[in-house]
Each structure stands twice: as C-alpha cells, then as structure tokens.
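I have placed the structure first, in the form of structure tokens, so that the comments after it can refer back to it.
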Amino acid sequence: MKIGIHSMVWVGEWNDDGAREAIARTAETGYDLIELTAISPSTMNIPLTAKLLEENGLGCSASLGLGPRTDISSEDPDAVKAGRDLLFQALNVVRDCGGSMLCGVIYSALMKYSHPATERGLENSRTVLAELADKAKESNIRLGLEFCNRYETNVINTTAQTLKFIEEIGRDNITAHLDTYHMNIEENSMAGAVKDAAAAGKLGYVHVGESHRGQLGTGSVNWPEFLGALKEVGYDGIVTFESFSSKVVHPTFSNDLAIWRNLWDDNIALANGARAFIREHLGA
Numbered sequence: 001m002k003i004g005i006h007s008m009v010w011v012g013e014w015n016d017d018g019a020r021e022a023i024a025r026t027a028e029t030g031y032d033l034i035e036l037t038a039i040s041p042s043t044m045n046i047p048l049t050a051k052l053l054e055e056n057g058l059g060c061s062a063s064l065g066l067g068p069r070t071d072i073s074s075e076d077p078d079a080v081k082a083g084r085d086l087l088f089q090a091l092n093v094v095r096d097c098g099g100s101m102l103c104g105v106i107y108s109a110l111m112k113y114s115h116p117a118t119e120r121g122l123e124n125s126r127t128v129l130a131e132l133a134d135k136a137k138e139s140n141i142r143l144g145l146e147f148c149n150r151y152e153t154n155v156i157n158t159t160a161q162t163l164k165f166i167e168e169i170g171r172d173n174i175t176a177h178l179d180t181y182h183m184n185i186e187e188n189s190m191a192g193a194v195k196d197a198a199a200a201g202k203l204g205y206v207h208v209g210e211s212h213r214g215q216l217g218t219g220s221v222n223w224p225e226f227l228g229a230l231k232e233v234g235y236d237g238i239v240t241f242e243s244f245s246s247k248v249v250h251p252t253f254s255n256d257l258a259i260w261r262n263l264w265d266d267n268i269a270l271a272n273g274a275r276a277f278i279r280e281h282l283g284a
C-alpha cells in the first residue's frame with residue numbers, strides 16, 4: 001500500500017516554486033506519493049517535476065476535474081473536443097512523471113448541473129474515456145473515475161453507478177476511484193461500497209477525506225467501517241489524503257469545490273496527523 005497526499009494541501013498552483021515546495025513537504029512528512037493537480041497540464045514544468053520526484057524518492061498520480069468548457073459529457077462537440085485534448089495532456093503528465101494512475105472527475109464537469117445527464121452526453125463521455133484508456137494502456141496507466149456527490153456531477157454519484165458506467169465503457173484499465181467525502185453523502189453503506197468495488201475487480205484508487213474536508217477523525221465519516229472494509233478486502237493500492245482549506249487557494253478549483261473557510265492553517269501539522277491516522281487504522 002502507498003500513502004499519498006493531494007498537492008493542494010501544500011500549494012494552490014503548480015508552478016516551479018510550488019512544485020519544489022509541495023514535493024519537499026510531501027517527502028518531509030513521510031508520504032510515499034503526491035497526487036498532482038493536473039487542471040492546467042500545459043503550464044506544468046514536467047521535466048522539473050519528474051526530477052524533483054526522483055530526487056525525493058516519491059511516486060505520483062495525477063487528478064483533475066473538467067469544467068463547463070471541457071465537459072466531455074456535454075452535447076456540445078467543441079466542449080467534448082476541448083475536454084478530450086485536456087485529458088490526453090493530463091495523461092502525458094502521468095506518463096512523463098513516472099506515474100501509473102490518472103484519476104478524478106474526468107468524465108464530466110465538476111459543477112452543479114441543472115438537469116440530468118443526457119444519453120447523448122453520456123455516450124460522448126464513454127467514447128472519450130474509451131479512447132483515453134486505450135492510449136493510457138500503452139504506458140501501463142490506469143484511469144480512476146472519482147464519483148462525486150450530486151452537487152458536483154450528474155453522471156456518477158455512487159459506487160454502483162460507477163461500476164455500471166465502467167462496464168459500459170468496456171476497458172479493463174478503468175477503475176473506480178472511491179472518495180470518503182462523497183461516499184459519506186451518497187452511499188447507503190461504506191463497507192458495502194468497498195466490497196462491491198473489490199468484488200468487481202475495480203477498486204483502483206482511494207481518497208480519504210473528512211466530511212468537512214479537514215483533519216481525519218474530526219468529522220462524521222465512519223472510519224472504522226470504511227477502513228475496516230479496505231483491510232477486509234485486502235486492498236493494497238494507493239490511499240491518498242485529500243483536504244482543502246481557504247488557506248491554500250487555486251484560482252478556479254477552490255471555487256468549484258466551495259472552499260469558503262479555513263479548516264486548517266498549519267498544513268504540516270495536518271499532513272503529519274493524517275499520515276499517522278491512516279497508518280494507525282490500516283497498519284500501513
């Protein structure tokens with residue numbers, strides 16, 4: 001098992017100084033991996049990032065959320081094309097940094113929709129993801145679909161919906177990306193969701209985030225149930241800590257996630273506490 005941390009615990013934007021700070025802090029606080037935020041992959045200094053990861057002995061994954069202008073679940077062909085181009089750029093980030101997972105909200109825009117997803121839009125999403133998966137397979141990279149709560153997507157909100165969507169796409173390197181923040185809102189059973197994903201062979205990536213997005217163990221997530229289920233099914237993949245506060249701000253992403261208040265000020269204390277929590281409960 002690899003324990004990771006989301007880059008936005010450290011920095012809002014992935015520029016050269018941000019890359020140096022985030023990677024150094026990740027190593028200093030004892031994590032195995034950093035999850036890169038690939039919202040703007042064309043602006044990321046990939047050679048520098050890869051060099052820093054190697055120097056610090058860290059692995060990486062990458063995640064992003066699409067926006068209205070890059071929504072591959074849209075019926076607008078221009079938005080679908082823009083989203084496809086962005087996803088392929090993000091895939092190159094993972095490949096060139098030596099990672100093996102591209103995950104997040106890569107199937108729709110990360111936003112509150114005013115209507116249900118349309119069948120045409122869903123087919124657009126499935127088509128792009130199938131093409132992305134085929135390209136990812138050339139570099140032994142998997143895709144993780146992070147289902148989100150109803151206020152952040154209208155495509156997949158539960159594990160069951162995600163497994164069905166993956167089956168419809170029909171690519172064996174697409175997996176379910178489970179996130180406790182969203183599961184705490186939408187799932188009937190945290191343990192049941194974990195077991196269903198594992199039984200389908202699609203439990204591919206895990207985000208651990210508290211109900212208020214702050215320090216683990218201080219909110220309403222049922223950690224004994226969720227982490228106990230991970231142990232029960234023998235999950236040995238990546239577990240990444242994700243937390244957001246208005247202390248660290250991205251120009252657009254913080255607004256998309258409605259990060260309006262400080263949930264913490266000291267990100268080093270936060271990271272140390274989360275790492276200890278994960279290792280205590282998972283024995284990792």
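Note that full-length UniProt numbering gives residue 254 to position 254 of the sequence shown, counting from 1, and the numbers run on in steps of one.
Yeah, the Cβ is synthetic: ideal placement off N, Cα and C, and Gly gets one too.
In this text, all values refer to a predicted model and were calculated from it rather than measured experimentally.
Test item: CB-CB of residue i and residue j under 8 Å
i, j, result
"residue 211", "residue 181", "yes"
"residue 38", "residue 93", "yes"
"residue 236", "residue 1", "yes"
"residue 24", "residue 56", "yes"
"residue 41", "residue 89", "yes"
"residue 205", "residue 283", "no"
"residue 29", "residue 275", "yes"
"residue 226", "residue 190", "yes"
"residue 53", "residue 60", "yes"
"residue 7", "residue 27", "no"
"residue 70", "residue 86", "yes"
"residue 178", "residue 198", "no"
"residue 120", "residue 75", "yes"
"residue 141", "residue 102", "yes"
"residue 105", "residue 153", "yes"
"residue 45", "residue 16", "yes"
"residue 128", "residue 83", "yes"
"residue 268", "residue 33", "no"
Cβ separation of residue i and residue j, assumed to be a contact under 8 Å, to the nearest whole Å
i, j, result
"residue 209", "residue 243", "6 Å"
"residue 36", "residue 14", "7 Å"
"residue 230", "residue 277", "Residue 230 to residue 277, Cβ: 13 Å. No contact."
"residue 233", "residue 263", "Their Cβ separation, rounded to whole angstroms, is 30 Å, which puts residue 233 and residue 263 out of contact at 8 Å."
"residue 5", "residue 271", "6 Å"
"residue 72", "residue 124", "6 Å"
"residue 156", "residue 113", "Not confirmed; about 12 Å, so no contact."
"residue 139", "residue 95", "4 Å"
"residue 159", "residue 131", "Wrong, their Cβ atoms sit about 24 Å apart, outside the cutoff."
"residue 185", "residue 149", "4 Å"
"residue 240", "residue 207", "6 Å"
"residue 97", "residue 49", "6 Å"
Boundaries of the beta strand (DSSP E) in which residue i is found, first to last residue
i, result
"residue 11", "Residue 11 -> no beta strand (DSSP E), and no H or E assigned at all."
"residue 286", "Because residue 286 is not part of the residues shown, which for the chain are 1 to 284, the question remains open."
Reduced DSSP category for residue i - H, G, I as helix; E, B as strand; rest coil
i, result
"residue 84", "helix"
"residue 201", "coil"
"residue 61", "strand"
"residue 210", "coil"
"residue 257", "coil"
"residue 23", "helix"
"residue 106", "strand"
"residue 48", "helix"
"residue 111", "coil"
"residue 36", "strand"
"residue 163", "helix"
"residue 30", "coil"
"residue 145", "strand"
"residue 176", "strand"
"residue 4", "strand"
Boundaries of the alpha helix (DSSP H) in which residue i is found, first to last residue
i, result
"residue 71", "Where residue 71 is concerned, there is no enclosing alpha helix (DSSP H), given that its DSSP letter is neither H nor E."
"residue 216", "First-last for residue 216: undefined, no H or E at that position."
"residue 119", "119 to 137"
"residue 275", "267 to 282"
"residue 226", "223 to 233"
Cβ-heavy atom distance, residue i to the ligand HEM, below 7 Å
i, result
"residue 46", "This structure simply doesn't include the ligand HEM, nor any ligand for that matter."
For the region 128 to 142 against the region 157 to 164, are there 3 or more C-beta pairs whose distance is under 8 Å?
no
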